[in-house]
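Asker: In my numbering, the protein residues as written are 200 to 299.
Next up is a structure, given as structure tokens.
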Amino acid sequence: MGQNLVLNMNDHGFVVCVYNRTVSKVDEFLDKEAKGTKIIGAKSLPDLVSSLKSPRRVMLLVKAGRAVDEFIDKLVPLLDQGDIIIDGGNSDYKDSQVCG
């Protein structure tokens, strides 16, 4: 989930919403490391998208490969024109060029 990145963004004034397909990981993070912060937890992708202001910026920290494509396929129908997906994982640059 990129916990340290999320905490750093929060420390620098960004409102951050986190999502993980394993909801218990989000709950545990919010109850421990992120306790007392303004970090928001989402239980689903629609919940995540609805919590973000337009234009939305969604950063993925997903293991490179097929998992990134599958996640993007689920995310794109929930987004609007002008929203941005940032692949913060370790994807091959050729894969990023295909998506761009």
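Using N, Cα and C, we set each Cβ at its ideal position, and we do this for glycine too.
Quick one: give me the first and last residue of the alpha helix (DSSP H) that aspartate 226 is part of.
Answerer: One-based indexing of the sequence shown puts residue 226 at position 27. First-last of the alpha helix (DSSP H) with aspartate 226: 222 to 230.
Asker: Between the beta-carbon of aspartate 272 and the beta-carbon of arginine 256, is there less than 9 angstroms?
Answerer: For this step, residue 272 is matched to residue 73 along the sequence shown. For this step, residue 256 is matched to residue 57 along the sequence shown. No, they are not a contact pair.
Asker: Please state if the CB of valine 205 and the CB of valine 181 are separated by a distance shorter than 9 angstroms.
Answerer: The structure shown has nothing for residue 181, since the chain only spans 200 to 299.
Asker: When the Cα atoms are used, what is the spatial distance from isoleucine 285 to valine 267?
Answerer: Taking the sequence shown and counting its residues from 1, the one referred to as residue 285 is at position 86. Taking the sequence shown and counting its residues from 1, the one referred to as residue 267 is at position 68. Spanning the two alpha carbons is a distance of roughly 11 angstroms.
Asker: Strictly by DSSP, which residues pair up with aspartate 286?
Answerer: Taking the first residue of the sequence shown as 1, we reach residue 286 at position 87. The partner list for aspartate 286 (beta bridge, DSSP) reads Leu259.
Asker: In the structure shown, what three-state DSSP assignment does alanine 241 receive?
Answerer: The residue labelled residue 241 in the question sits at position 42 within the sequence shown. In the structure shown, alanine 241 sits in a strand (DSSP, three-state: E or B).
Asker: Thinking C-alpha only, which one of Ala233, Lys252 and Ser253 is nearest methionine 208?
Answerer: Within the sequence shown, residue 208 is the residue found at index 9, counting from 1. For the residues Ala233, Lys252 and Ser253, the minimum Cα distance to methionine 208 belongs to Ala233.
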